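To keep things clear, I will list the structure first and then write my remarks on it.
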Amino acid sequence: MIVRAALCPSPPLLAPGVTGQTVLLPDLRQACAAAVGWLVGAAPDTVAVIGPAAATATWPPESVPDLAMHAPAVYAGPSALPLALAIAGFLLDAAGYSGPRILQSVAESASPGACQQLGRDLAAAAPRVALLVMGDGSARRSAAAPGYLDDRAEPFDATVEQAIREGNLAALAALDPDLARDLLATGRSAWQALAGAAPTCPQTELLYSAAPFGVAYLVATLTPAP
Amino acid sequence: MDDVAAAGSGPRPTRTPGSLRLRGREFPPERTLVMAIVNRTPDSFYRPGLTWDEDAALERVHAIVAEGADLLDVGGVPAKPGPEVTVAEEIRRVVPFIERVRAAYPDLVISVDTWRHEPARAACEAGADLLNDTWSAWDPKVADVAAEFGVGLVCSHAGVALPRTRPHRAAFADVAADVLDRVLLLAERALQAGVAADRIVIDPAHDFGKNSWHSLEVTRRLDELTATGWPVLMSASRKDFVGETLGVGVDDRLAGTLATTAVGAWLGARIFRAHDVRQTREALDMVESIKGNRPLARAIRGLA
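Listed in order, the protein sequences are those of chains V and B. Under this note's numbering, the first residue of the first sequence is numbered 43, with each subsequent residue one higher. Under this note's numbering, the first residue of the second sequence is numbered 2, with each subsequent residue one higher.
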């Protein structure tokens with residue numbers, strides 16, 4: 043079962059060195075570090091990472107995070123992991139976590155039902171599973187955003203934020219995959235896996251919620267009902 | 002000296018690329034350096050008299066240090082022909098100024114642009130760190146001064162030109178090979194004179210004893226110089242070969258200079274003598290990042 047869950051975004055800028063000489067978004071980095079530190083502090087049997095990717099797959103747990111596909115002069119490659127799992131790897135390494143890991147990707151196109159089933163399977167992987175959910179909101183939050191402004195983006199992200207804040211993960215399970223895809227909200231499939239793994243979370247804490255470069259980032263900690 | 006080995010026929014020392022050591026500081030091979038020009042002359046070719054006044058020259062030093070200069074190159078005699086500048090006059094122009102700069106900047110690397118050993122010696126006594134012997138060892142005692150004071154030495158090529166002369170129908174069977182032979186011969190002589198290997202720099206000396214075709218050929222084949230392992234100084238700033246290539250006067254040679262700088266940096270030159278310090282530093286930073294040697298200032302495009 044899931045003992046604790048943490049939610050982090052997975053922009054490349056979170057990886058060491060990628061933004062060059064300027065450290066961008068120190069507050070986001072701090073929130074991620076706090077969330078992951080809290081997560082691994084639960085003394086879990088394993089940390090299970092779930093993050094969106096092109097396809098649903100289980101990745102070798104010893105895979106070294108590397109961002110050569112995004113920053114070829116900074117990293118030597120080869121990039122063994124999809125972006126979301128690589129960022130999770132960096133966060134876990136930075137938190138000093140060296141225990142067992144499950145690295146699971148979930149297809150960005152996976153159906154809500156398939157995502158929730160994947161979440162339930164992860165929850166069953168060990169008696170004490172700490173779940174690290176990697177997911178980003180819409181990349182269409184402003185005119186300067188990668189996907190340009192879409193007026194539907196802010197209400198969509200607000201729905202996600204409210205669901206996390208209230209621990210009402212059924213609202214995540216109900217997110218429309220087509221709308222999420224239109225809004226470049228890649229976190230949808232991973233959030234719905236979370237909804238399957240831990241349907242109700244009476245205790246939640248939102249550590250960060252903003253879209254500083256037009257992409258919505260959300261950091262939160264969640265404690266599921268026993 | 003175990004990183005120096007004779008190669009090929011005759012004295013052709015190569016060097017394992019390593020740090021250049023000047024004023025107790027180490028400059029590693031992957032780092033490019035800007036050598037800022039400060040002319041203590043009334044009649045140099047670009048902005049003549051700009052730093053003829055000593056206070057103005059010191060103000061200029063403050064400015065170019067702020068712009069990112071790694072070294073200063075102080076010269077008291079223009080390269081072009083003109084009224085004689087005696088040894089005593091050259092010393093008068095250069096040495097008190099070096100003393101003032103040294104007092105203001107204890108760690109700044111100061112080069113002196115001279116071809117005569119008497120001003121070289123006086124400059125070293127005043128705190129200079131590098132002898133930029135642009136006329137290709139016309140006076141062999143300059144190397145002895147470098148050895149005596151433990152300072153650096155630039156080994157340059159000037160063809161058959163004598164100091165302060167313009168080339169007249171200069172001709173080379175293979176100018177790049179001629180440059181290579183000459184600067185390696187001088188590097189070998191410098192070693193024999195007792196100059197430490199990590200204080201020797203080589204310079205093809207664009208325009209010196211060369212026409213513009215020659216200077217472009219040397220630029221095109223700069224990798225043959227950098228392959229020797231000796232740190233290569235490139236001195237192309239606003240020179241005539243840039244002007245003749247583009248058909249522009251000295252005031253309009255910045256773009257041509259920066260293009261030359263970028264090619265030189267790409268081919269591995271390490272020191273760039275420049276009038277335009279900030280622009281040169283930016284061009285070099287750009288090349289270093291293209292090479293993958295320098296982190297970007299701030300990257301966010303496509304990474305959010």
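Think of the CB as a built atom: it goes at the ideal place given N, C-alpha and C, for glycine as much as any other residue. Please read all numbers here as calculations on a predicted model, not as lab measurements.
Measure the C-alpha to C-alpha separation of residue i and residue j and round it to an integer number of angstroms.
| i | j | result |
| --- | --- | --- |
| Ala58 (chain B) | Asp108 (chain B) | 18 Å |
| Leu23 (chain B) | Val78 (chain V) | 48 Å |
| Val233 (chain B) | Pro205 (chain B) | 8 Å |
| Leu260 (chain V) | Glu283 (chain B) | 37 Å |
| Leu246 (chain V) | Ala152 (chain V) | Correcting the residue identity first, residue 246 (chain V) is Thr in this sequence and not Leu. Straight-line Cα distance between these residues: approximately 26 Å. |
| Phe28 (chain B) | Ser45 (chain B) | 29 Å |
| Ala138 (chain B) | Ala275 (chain B) | 22 Å |
| Asp199 (chain V) | Leu70 (chain V) | 17 Å |
| Val143 (chain B) | Val116 (chain V) | 44 Å |
| Leu174 (chain V) | Val148 (chain V) | 13 Å |
| Trp116 (chain B) | Val88 (chain B) | 10 Å |
| Gln193 (chain B) | Glu31 (chain B) | 27 Å |
| Ala168 (chain V) | Asp87 (chain V) | 6 Å |
| Cys166 (chain V) | Met43 (chain V) | The sequence given here places Ala at residue 166 (chain V); Cys does not occur at that position. Spanning the two alpha carbons is a distance of roughly 6 Å. |
| Gly269 (chain B) | Gly189 (chain V) | 40 Å |
| Val65 (chain V) | Asp178 (chain V) | 20 Å |
| Leu181 (chain B) | Ala227 (chain V) | 60 Å |
| Pro154 (chain V) | Ala122 (chain V) | 27 Å |
| Gly9 (chain B) | Glu225 (chain B) | Residue confidence for Gly9 (chain B) is low, a pLDDT of 44 falling below 50, so the modelled location carries little weight and cannot support an answer. |
| Thr229 (chain B) | Ala197 (chain B) | 16 Å |
| Gly1 (chain B) | Ile301 (chain B) | Only positions 2 to 305 of chain B appear in the structure, and residue 1 (chain B) is not among them; the question remains open. |
| Trp53 (chain B) | Ala252 (chain V) | 57 Å |
| Gly93 (chain V) | Glu150 (chain V) | 9 Å |
Using DSSP with H/G/I as helix, E/B as strand and the rest coil, what is residue i?
| i | result |
| --- | --- |
| Glu60 (chain B) | helix |
| Asp204 (chain B) | strand |
| Met111 (chain V) | coil |
| Phe28 (chain B) | strand |
| Leu243 (chain V) | Reading off the sequence shown, one finds Cys at residue 243 (chain V), where the question assumed Leu. In this structure, Cys243 (chain V) counts as coil in the three-state DSSP scheme. |
| Gly265 (chain B) | helix |
| Asp134 (chain B) | strand |
| Phe255 (chain V) | coil |
| Ala149 (chain V) | strand |
| Thr87 (chain B) | coil |
| Pro197 (chain V) | helix |
| Asp114 (chain B) | strand |
| Ile44 (chain V) | strand |
| Ser236 (chain B) | strand |
| Glu126 (chain B) | helix |
| Ala147 (chain B) | helix |
| Trp233 (chain V) | helix |
| Leu297 (chain B) | coil |
| Ser271 (chain V) | Residue 271 (chain V) lies beyond the stretch modelled for chain V, which goes from 43 to 268, so this question has no answer here. |
| Asp74 (chain B) | strand |
| Gly195 (chain B) | coil |
Considering Cα atoms alone, identify which of the options is closest to residue i.
| i | options | result |
| --- | --- | --- |
| Arg239 (chain B) | B:Ala266, B:Phe273, B:Trp139 and B:Glu218 | B:Phe273 |
| Ala48 (chain V) | V:Ala130, V:Cys157, V:Leu67 and V:Gln159 | V:Ala130 |
| Gly195 (chain B) | B:Leu223, B:Leu72, B:Gly151 and B:Thr87 | B:Gly151 |
| Ala137 (chain V) | V:Thr228, V:Ser231, V:Trp233 and V:Ala73 | V:Ala73 |
| Asn210 (chain V) | V:Asp199, V:Ala232, V:Thr228 and V:Ala240 | V:Ala240 |
| Val110 (chain B) | B:Met36, B:Phe209, B:Gly77 and B:Pro14 | B:Met36 |
| Ala80 (chain B) | B:Ser236, B:Ala256 and B:Ala260 | B:Ser236 |
| Pro142 (chain V) | V:Ala90, V:Gln63 and V:Ala253 | V:Ala90 |
| Pro254 (chain V) | V:Ala212, V:Val45, V:Leu67 and V:Gly62 | V:Leu67 |
| Ala191 (chain B) | B:Gly160, B:Arg93 and B:Pro141 | B:Pro141 |
| Glu119 (chain B) | B:Ala172, B:Thr229, B:Gly77 and B:Thr166 | B:Gly77 |
| Asp74 (chain B) | B:Ile38, B:Gly50, B:Arg61 and B:Arg222 | B:Ile38 |
| Ser105 (chain V) | V:Leu125, V:Ala96, V:His112 and V:Pro94 | V:Leu125 |
| Val66 (chain B) | B:Leu181, B:Val161, B:Ser213 and B:Arg103 | B:Arg103 |
| Leu255 (chain B) | B:His158, B:Ala177 and B:Thr281 | B:Thr281 |
| Gly161 (chain V) | V:Glu150, V:Arg170 and V:Gln146 | V:Gln146 |
Mind checking residue i: buried by the 16 CB within 10 Å criterion, or exposed?
| i | result |
| --- | --- |
| Glu333 (chain B) | Residue 333 (chain B) lies beyond the stretch modelled for chain B, which goes from 2 to 305, so this question has no answer here. |
| Ala7 (chain B) | Reliability of the predicted coordinates at Ala7 (chain B) is poor, the pLDDT of 46 falling under 50, and the value obtained from them is presented with this limitation in mind. Exposed. |
| Met2 (chain B) | At Met2 (chain B), the pLDDT of 38 sits below 50, so the modelled position is not reliable; the number obtained from the coordinates is stated separately. It counts as exposed. |
| Arg207 (chain V) | exposed |
| His207 (chain B) | buried |
| Thr17 (chain B) | exposed |
| His169 (chain B) | exposed |
| Pro266 (chain V) | buried |
| Gly83 (chain V) | exposed |
| Ser20 (chain B) | exposed |
| Asp191 (chain V) | Note on identity: in this sequence residue 191 (chain V) is Leu, with Asp being the wrong assignment. Exposed, since its Cβ has fewer than 16 Cβ neighbours within 10 Å. |
| Gly250 (chain B) | exposed |
Give a yes or no on contact between the stretch 280-300 of chain B and the stretch 131-138 of chain B, applying the rule of three or more CB pairs nearer than 8 Å.
-> Flag = no, the stretch 280-300 of chain B and the stretch 131-138 of chain B do not touch.
Report yes or no: do three or more beta-carbon pairs, one from the stretch 181-194 of chain V and one from the stretch 82-101 of chain V, lie closer than 8 Å?
-> no
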